[in-house]
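Heads up, the thing below is written out as structure tokens.
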Amino acid sequence: MRLINVRNLLDIDMGKRVAPDASVLEQYSDEQPINMKYAILSHCWGVAAEEINFREMDMLTKMASFDRKKLRQRPGYMKILKSCEQANKDGLKWLWVDTCCINAESSSELSEAINSMFRWYEGSGTCYAYLHDVDADKLPIKRDDEKFGQFDGWPKWFSRGWTLQELVAPSVVQFFNQHWQSIGYKNRLAHILKEITRIPSCILQYGLDADCLSVAQIMSWAADRKTTRVEDRAYSLLGLFGVHMPMLYGEGKNAFRRLQLELIRMTNDHSLFAWDRRTIGSSGSVLADDPSFFRDCEDIVRMEPDEYLDALKESVLGGEPHTIPEEPLRTYSVTNAGIQIWLPLNRSRGSDSLFEARLACRRSLDSSPITIMLVSFKSNYYRYFGHFQTIHGATAEFQLVYLAYREEKRRKDCTFKFDDRAITCEGFARRCVFPKEVGLTGSSLTLSSTHHSASIVYANSKTNACFVLAVGYCLGHEWARIIFDPPAEKGNLKPPPGILDPSWAYALYCSGTTFCYHL
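Residue numbers (UniProt numbering): 1 to 519.
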């Protein structure tokens with residue numbers, strides 16, 4: 001861990017002479033800073049050329065006065081200088097700043113720093129949170145879309161991925177406006193910060209106890225935060241979960257998948273699977289693509305095995321004693337065949353491959369376990385988002401299943417070609433396509449990565465009959481299904497609302513049915 005010598009930097013800035021062997025950056029082992037009080041800066045990075053990097057700070061004592069004067073004009077230097085001045089006032093001799101205390105040219109050092117960063121913020125004497133876009137003498141207490149419209153109505157600092165752990169980890173966080181005037185402390189502003197960040201006040205006041213929180217709840221805090229690099233959406237969460245893993249820049253969204261797999265190895269928390277994609281008619285990995293999938297999970301809590309089994313007996317096991325030993329409910333694991341886990345499954349009406357699974361987690365004000373839908377394909381079970389028909393009165397059955405955690409390779413587009421001349425001769429004509437954004441040209445329909453299913457409505461004005469041709473692409477396979485309704489009342493050719501939902505046809509595909517009435 002490198003630290004800035006506050007006194008040396010201030011002396012150099014004021015033009016004072018320093019000892020020939022004096023340095024601004026000093027290296028310490030991980031054990032030493034524990035007994036040292038240091039300040040730490042939390043801020044939003046500006047343009048890279050405006051920040052001060054490791055090499056520049058390391059050469060500060062040897063730099064010509066002309067070059068030092070140019071350096072002093074950068075916004076990044078002023079942040080460091082003002083932090084040193086504040087640290088000096090607070091009686092702190094050392095300061096850590098991410099822009100210049102890490103040699104980012106060394107991949108091993110960068111990886112070590114990222115894995116240690118939560119601990120470094122946690123061990124600081126105080127954290128200075130610099131809000132460069134706040135000019136008032138207090139923290140905003142309500143959204144201001146006119147001023148902070150790009151960042152959901154709040155200062156930019158609250159929208160960044162890395163600043164989440166920088167808010168949670170330190171016991172003392174002091175906020176400063178753009179003029180470096182103090183505008184409050186974390187513990188005293190907890191009620192405002194809760195509204196901005198969704199982090200419970202008790203966490204902001206007394207610190208993080210990850211063992212008492214669900215994975216989904218912590219993920220929800222990061223749902224709307226952004227990072228410059230995709231991988232950092234995962235890496236910025238490592239410390240919050242106590243996870244250590246190597247940095248592999250270039251892996252893209254796979255970084256977040258790796259984080260979730262590491263969490264599975266550490267905890268038996270089912271809330272990891274309780275996210276919601278909000279995309280109907282799709283299937284895929286049981287792992288989320290990114291933290292935004294956990295946006296509505298801030299009130300999800302874990303259920304201990306006893307509570308979980310009691311809830312299942314009440315709702316889905318018909319009050320019968322469970323036949324599954326408790327130990328399998330306490331653990332699940334990652335294998336090369338999938339995530340091996342015991343789950344209580346309810347089958348969908350009319351399908352042998354669609355299931356509803358109850359997880360060992362619940363909403364804080366609800367005693368019932370959260371449910372997710374799964375579809376079996378070959379030897380794995382995938383998350384399913386679509387139509388599901390519950391069999392009333394059916395009891396759940398515990399099964400050992402393998403959940404898919406590798407995301408299927410998605411096509412950029414998929415084109416279906418069809419010949420509907422025969423049905424047009426019978427009086428049917430195309431009425432509409434849903435969703436409207438899908439490309440329908442002549443006898444070709446093209447799906448995209450954002451719309452991987454579509455419905456075409458055909459209607460007969462003479463018989464008042466209509467049906468839907470639904471097509472899609474999922475799990476490496478194209479599918480096409482027909483949904484139809486009995487003839488409508490005379491003069492009413494508007495199809496029932498639900499018949500346009502591609503998830504109806506998708507459910508048919510998953511169940512193996514070729515066509516059916518829209519019930």
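For every residue, glycine included, the Cβ atom is placed at its ideal position computed from N, Cα and C.
Tell me the DSSP secondary structure of residue 117 in three-state form.
Helix.
Three or more C-beta pairs below 8 Å linking the stretch 168 to 184 and the stretch 112 to 124:
Touching, yes.
Continuous alpha helix (DSSP H) stretch holding residue 28: start and end
Segment: none, residue 28 is in no alpha helix (DSSP H) and carries neither H nor E.
Straight-line Cα distance separating residue 244 from residue 524
No information on residue 524 is available, as it lies outside the stretch 1 to 519 that the chain covers here.
Measure the C-alpha to C-alpha separation of residue 22 and residue 230 and round it to an integer number of angstroms.
Whole-angstrom Cα-Cα distance: 39 Å.
Assign residue 212 to one of two classes, buried (16 or more other C-beta atoms within 10 Å of its C-beta) or exposed (fewer than that).
Exposed, because fewer than 16 other Cβ atoms sit within 10 Å of the Cβ of residue 212.
C-beta contact flag for residue 5 and residue 18 at 7 Å:
At least 7 Å separates the beta-carbon of residue 5 from that of residue 18.
DSSP on residue 297, reduced to helix/strand/coil?
The DSSP-derived three-state label of residue 297 is coil.
Assign residue 72 to one of three DSSP states: helix, strand, or coil.
Residue 72: helix per DSSP, three-state reduction.
Could you spell out where the beta strand (DSSP E) holding residue 417 opens and where it closes?
Start and end: 413 to 417.
Run through DSSP, which three-state label would residue 6 get?
Note: residue 6 maps to helix in three-state DSSP.
Those residues which DSSP pairs with residue 182 across a bridge
176, per the DSSP bridge assignment.
Residue range of the alpha helix (DSSP H) that includes residue 201
Per DSSP, residue 201 belongs to the alpha helix (DSSP H) from 201 to 206.
Pull up the DSSP beta-bridge partners for residue 166, would you.
Looking at the DSSP output, residue 166 bridges to nothing.
Looking only at C-alpha atoms, which of 333, 13, 437 sits nearest to residue 71?
Of the listed residues, the one whose Cα sits closest to residue 71 is 13.
Keeping to the same chain, check which residues put their C-beta closer than 8 Å to that of residue 50; ignore five residues upstream and five downstream.
Take residue 50, set aside five residues on each side of it, and the residues of its chain with a beta-carbon closer than 8 Å to its own are 74, 75, 76, in chain order.
Secondary structure at residue 226, three-state DSSP: helix, strand or coil?
Secondary structure at residue 226: strand, using DSSP grouped into helix, strand and coil.
Just to confirm the assignment, what range does the alpha helix (DSSP H) spanning residue 221 have?
Its alpha helix (DSSP H) spans residues 215 to 221.
Residue nearest to residue 224 in terms of C-alpha spacing, selected from 293, 287, 241, 183:
Ranking 293, 287, 241, 183 by Cα distance to residue 224 puts 293 first.
Determine whether the beta carbon atoms of residue 342 and residue 272 lie at a separation below 7 Å.
Contact flag unset, no.
What does the alpha-carbon distance come out to for the pair residue 304 and residue 367?
Looking at the two C-alpha atoms, the distance is approximately 12 Å.
Proximal residues to residue 374 (C-beta, below 7 Å), its chain only, five neighbours per side dropped:
Sequence-distant Cβ neighbours of residue 374 in its own chain, meaning closer than 7 Å and more than five residues away, are 355, 357, 381, 382, 383, 384.
Cβ neighbours of residue 328 in the same chain (closer than 8 Å, five flanking residues each side left out):
Exclusion of the five residues before and after residue 328 leaves 342, 400 as the residues of its chain whose Cβ lies within less than 8 Å of its Cβ.
Beta-ladder partner(s) of residue 342, from DSSP:
According to DSSP, which records beta bridges pairwise, residue 342 is partnered with 400.
To the nearest angstrom, report how far apart residue 247 and residue 235 are at their CA atoms.
Those two C-alpha atoms are separated by around 8 Å.
Does DSSP put residue 159 in a helix, a strand or coil?
When secondary structure is reduced to three states using DSSP, residue 159 falls in the helix class.
Residue 368 (DSSP reduced to helix, strand or coil)
DSSP, reduced to helix, strand and coil, places residue 368 outside both helices and strands of the structure shown, so it counts as coil.
Three-state secondary structure (DSSP) of residue 391
Here residue 391 sits in coil by DSSP.
Please report the straight-line C-alpha distance between residue 364 and residue 467, rounded to a whole angstrom.
The C-alpha of residue 364 lies about 43 Å from the C-alpha of residue 467.
Using the Cα positions of residue 460 and residue 426, report the straight-line distance between them to the nearest angstrom.
Cα-Cα distance, rounded: 8 Å.
Spell out the partners DSSP gives residue 57 in its beta bridges.
None; residue 57 has no bridge partner.
Through-space distance from residue 174 to residue 155, alpha-carbon basis
Taking the straight line joining both Cα atoms gives about 15 Å.
Just the C-alpha distance for residue 444 and residue 140, rounded to the nearest angstrom, thanks.
If you take the alpha carbons of residue 444 and residue 140, they lie about 53 Å apart.
Nearest-angstrom Cα separation, counted from residue 53 out to residue 177
Computed Cα separation, rounded: 23 Å.
Residue 397 and residue 345: beta carbons closer than 7 Å?
The Cβ atoms of residue 397 and residue 345 sit closer than 7 Å to each other.
Residues of its chain near residue 15, where Cβ-Cβ distance is below 7 Å and the 5 sequence neighbours each way are ignored
The answer is none, since no qualifying residue turns up.
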